[in-house]
Amino acid sequence: MILAICFVPIPDICFAFEQLLFSDFFVNDAEILNCLSDYFEDFYIGRILRLNTRRPPLFPHSLWNCYDATINNNGRTNNSVEGWHNGFARFINCHHPDIFKFLEFLKSSQNLNEVKITQLQSGMVVSVERNRYKDHNQRLANICNTYRRENIIRYLRNIAYNITI
Numbered sequence: 017m018i019l020a021i022c023f024v025p026i027p028d029i030c031f032a033f034e035q036l037l038f039s040d041f042f043v044n045d046a047e048i049l050n051c052l053s054d055y056f057e058d059f060y061i062g063r064i065l066r067l068n069t070r071r072p073p074l075f076p077h078s079l080w081n082c083y084d085a086t087i088n089n090n091g092r093t094n095n096s097v098e099g100w101h102n103g104f105a106r107f108i109n110c111h112h113p114d115i116f117k118f119l120e121f122l123k124s125s126q127n128l129n130e131v132k133i134t135q136l137q138s139g140m141v142v143s144v145e146r147n148r149y150k151d152h153n154q155r156l157a158n159i160c161n162t163y164r165r166e167n168i169i170r171y172l173r174n175i176a177y178n179i180t181i
């Protein structure tokens with residue numbers, strides 16, 4: 017459930033982390049989970065200092081939080097970039113292509129994008145996202161829309177059921 021914290025609104029991240037640390041799961045398995053919670057607190061949450069303030073984490077909350085991206089149906093990962101790179105690698109089919117092979121790929125990619133733009137402008141429905149991912153993203157958005165600070169542990173559990181590493 018600790019990974020589900022990235023789906024909590026930024027102002028409630030520290031609260032969610034603290035609630036998770038006091039949940040039955042973490043209390044019962046504290047010996048095993050202390051290293052994980054320490055790591056997560058140092059890098060993603062921020063350590064508690066005097067006067068109950070927190071040191072800024074190594075990775076700011078805005079860098080890794082995806083609550084707003086999920087609510088607004090924006091991309092949360094760089095999968096589209098990875099997809100483009102895989103297509104590029106398949107087209108080039110060598111480790112050190114010359115400039116002409118690279119330019120040929122860019123022209124091919126540009127032509128494909130122009131066809132997609134024309135299809136969209138003509139009113140055709142162009143499926144960009146597979147149904148499997150669309151359904152998964154919709155489930156996450158539905159859960160994010162039910163976020164209530166009072167039910168944070170249930171919310172984290174529901175998100176955790178729907179994410180994979």
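In the numbering used here, the protein residues as written are 17 to 181. Backbone N, C-alpha and C define an ideal beta-carbon position, used for all residues, glycine too. Here the structure is a predicted model, which means the values were calculated and not measured.
When rounded, the separation of the alpha-carbon atoms in E47 and H112 is 50 Å. Here I64 carries a strand assignment [DSSP, helix/strand/coil]. Here T69 is not near N153, since their CB atoms are 9 Å or more apart. Here the C-alpha atom of R155 lies approximately 10 Å from the C-alpha atom of N161. The C-alpha of D114 lies about 28 Å from the C-alpha of K132. Here L172 has M17, A20 as same chain residues with Cβ atoms under 6 Å from its own Cβ, once five neighbours each way along the sequence are excluded.
Within the stretch 83 to 121, the runs of alpha helix (DSSP H) that reach at least 4 residues and sit entirely inside it are, in chain order, 83 to 87, 95 to 108.
Around the Cβ of A32, a 10 Å sphere holds 16 or more other Cβ atoms; the residue is buried. Burial check for N89: the Cβ neighbour count within 10 Å stays below 16, so the residue is exposed. Take the alpha-carbon of L36 and the one of V142: they are about 42 Å apart. With a threshold of 16 other beta carbon atoms within 10 Å, I64 falls short and is exposed. Beta-bridge annotation (DSSP): R70 is paired with I64.
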